[in-house]
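Read in order, the letters of the sequence shown correspond to residues 40 to 215 in our numbering. Even for Gly, the Cβ is constructed at its ideal location relative to N, Cα and C. Bear in mind the structure is a predicted one, so any value in this text is a computation, not a measurement. Structure record follows, encoded as structure tokens.
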Amino acid sequence: MERFERYLEQFRRPIFSYVMRLVNDHGAAEDIAQETFVRLYQELDRIRDETASAWLYRVARNLVTDYVRKKRPVTFTVLKGGQRDDDEAGLDFNSPDPGPVAHSYQVELRRHIEETLAAMSEKFREVLVLVDMQRLTHEQAAKVLNCSVKTVSARLARAREFFTNRLARHVKIELK
Numbered sequence: 040m041e042r043f044e045r046y047l048e049q050f051r052r053p054i055f056s057y058v059m060r061l062v063n064d065h066g067a068a069e070d071i072a073q074e075t076f077v078r079l080y081q082e083l084d085r086i087r088d089e090t091a092s093a094w095l096y097r098v099a100r101n102l103v104t105d106y107v108r109k110k111r112p113v114t115f116t117v118l119k120g121g122q123r124d125d126d127e128a129g130l131d132f133n134s135p136d137p138g139p140v141a142h143s144y145q146v147e148l149r150r151h152i153e154e155t156l157a158a159m160s161e162k163f164r165e166v167l168v169l170v171d172m173q174r175l176t177h178e179q180a181a182k183v184l185n186c187s188v189k190t191v192s193a194r195l196a197r198a199r200e201f202f203t204n205r206l207a208r209h210v211k212i213e214l215k
């Protein structure tokens, strides 16, 4: 039981956040995240500590796929600036002292980012979310997506290129 509680504490928010980004429905995200942890509890004896993260993300991904197939056409909202509905910090586009012009820019930037992510194919959006937003390693993402590390790297490179090029049409981007 202690091991399950440790996993629950460590992965509850990241799994919920991941699912929420994919389904954009708070209630459905809660249900899917809960079912993910029910399955963890049922399979706990078979899961090794070093593979637990990838296992949880894969189960969550499969449950999201089932949800989308059964319930409705897929609508992805991968990113929201500032605080998200799940109280996890999102990407923060706020300047230290935002005035009306800065606020307007932030709203526009968020809109362009959301549109750019929505325009991506699912396989590229998903790898971008797992690696760049959820901070999984390429190896962990490969396990979640059931593909090779090389495939993850290739998809991620294409996803980042698409994201940067598409966003650059609307926003001045400075690469460091």
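- Message: Report the start-end ranges of each alpha helix (DSSP H) in the stretch 145-213 that is 4 residues or longer and not cut off at the edges.
- Response: 161-167, 177-184 and 188-207
- Message: Measuring only the C-alpha atoms, how far is His186 from Trp94?
- Response: What you label residue 186 is simply residue 147 of the sequence shown in a count that begins at 1. What you label residue 94 is simply residue 55 of the sequence shown in a count that begins at 1. Here residue 186 turns out to be Cys, not His, going by the sequence shown. If you take the alpha carbons of Cys186 and Trp94, they lie about 14 Å apart.
- Query: At which residues does the alpha helix (DSSP H) containing Glu48 begin and terminate?
  - Reply: Stepping through the sequence shown from its first residue, residue 48 is reached at position 9. Looking at the DSSP string, the run of the alpha helix (DSSP H) that includes Glu48 is Glu41 to Val62.
- Does the beta-carbon of Phe55 have 16 or more other beta-carbons within 10 angstroms, so that it is buried, or is it exposed? If you number the sequence shown from 1, residue 55 lands on position 16. Buried, since its Cβ has 16 or more Cβ neighbours within 10 Å.
- Message: What does the Cβ neighbour count give for Val146, buried or exposed, with the cut at 16 atoms within 10 Å?
- Response: By 1-based counting over the sequence shown, the position of residue 146 is 107. The residue in question, Val146, is exposed, as its Cβ has fewer than 16 Cβ neighbours within 10 Å.
- Compare the C-alpha of Phe202 against each of Arg174, Ser160 and Pro53 and name the closest. Residue numbering aside, residue 202 sits at position 163 when the sequence shown is read from its first letter. Answer by Cα proximity: Ser160.
- Message: Could you compute how far the alpha carbon of Arg199 sits from the alpha carbon of Leu206?
- Response: Taking the first residue of the sequence shown as 1, we reach residue 199 at position 160. Taking the first residue of the sequence shown as 1, we reach residue 206 at position 167. Their Cα atoms are separated by approximately 10 Å.
- Message: Give me the residue from Leu102, Asp171, Ile152 and Asp64 with the minimum Cα distance to Leu79.
- Response: Numbered from its first residue, the sequence shown carries residue 79 at position 40. Closest by alpha carbon: Leu102.
- Curious, which full-length alpha helix (DSSP H) runs of at least 4 residues does the stretch 61-85 contain? 65-82
- Query: Would the stretch 167-174 and the stretch 56-71 be scored as touching if the rule is three or more Cβ pairs under 8 Å?
  - Reply: yes
- Under 8 Å by Cβ, that's how I've got Pro53 and Gln179 pegged, so tell me the actual separation to the nearest angstrom. By one-based count along the sequence shown, residue 53 stands at place 14. By one-based count along the sequence shown, residue 179 stands at place 140. That belief does not hold up - the Cβ atoms of Pro53 and Gln179 are roughly 11 Å apart, past 8 Å.
- Can you round the beta-carbon distance between Arg194 and Phe163 to whole angstroms, since I take them to be within the 8 Å contact cut? Along the sequence shown, read from residue 1 onward, the residue named residue 194 stands at position 155. Along the sequence shown, read from residue 1 onward, the residue named residue 163 stands at position 124. Contact flag correct, Cβ pair sits at about 6 Å.
- Task: Please classify Arg87: does DSSP put it in a helix, a strand, or coil?
- Result: Here residue 87 refers to the residue found at position 48 when the sequence shown is read from its first residue. Three-state DSSP puts Arg87 in coil, outside helix and strand.
- CA nearest to the CA of Arg236, picked from Leu175, Arg197, Lys189 and Arg108: Residue 236 is absent from the model: the chain starts at 40 and stops at 215.
- Message: With a threshold of 7 Å on Cβ separation, who are the neighbours of Leu47 within its own chain once the five nearest residues in sequence on each side are excluded?
- Response: Looking up residue 47 in the sequence shown gives position 8. Phe76.
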